[in-house]
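What follows is one structure encoded as structure tokens, with my remarks underneath.
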Amino acid sequence: KLFRSEILALKPTVFEFFTIAISLFHREDLFRSVANA
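Numbering (this note's numbering), first residue to last: 118 to 154.
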């Protein structure tokens with residue numbers, strides 16, 4: 118039970134990490150598009 122609650126507590130952090138990573142990739146693509154334009 119303790120192990121399961123730890124995983125549930127960890128989930129939002131993993132989700133935040135992926136959200137930040139995706140937004141950074143999109144931002145990099147945006148900068149690349151502006152640089153190429």
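All C-beta atoms, glycine included, are put in the ideal place defined by N, C-alpha and C.
Mapping the DSSP letters down to three states, classify residue i as helix, strand or coil.
{"i": "VAL138", "result": "For the record, residue 138 in the displayed sequence is Ala; it is not Val. ALA138 falls in the helix class under three-state DSSP."}
{"i": "ALA152", "result": "helix"}
Within its chain, find whatever has a CB closer than 8 Å to the CB of residue i; leave out the 5 residues flanking it on each side and keep chain order.
{"i": "ILE124", "result": "none"}
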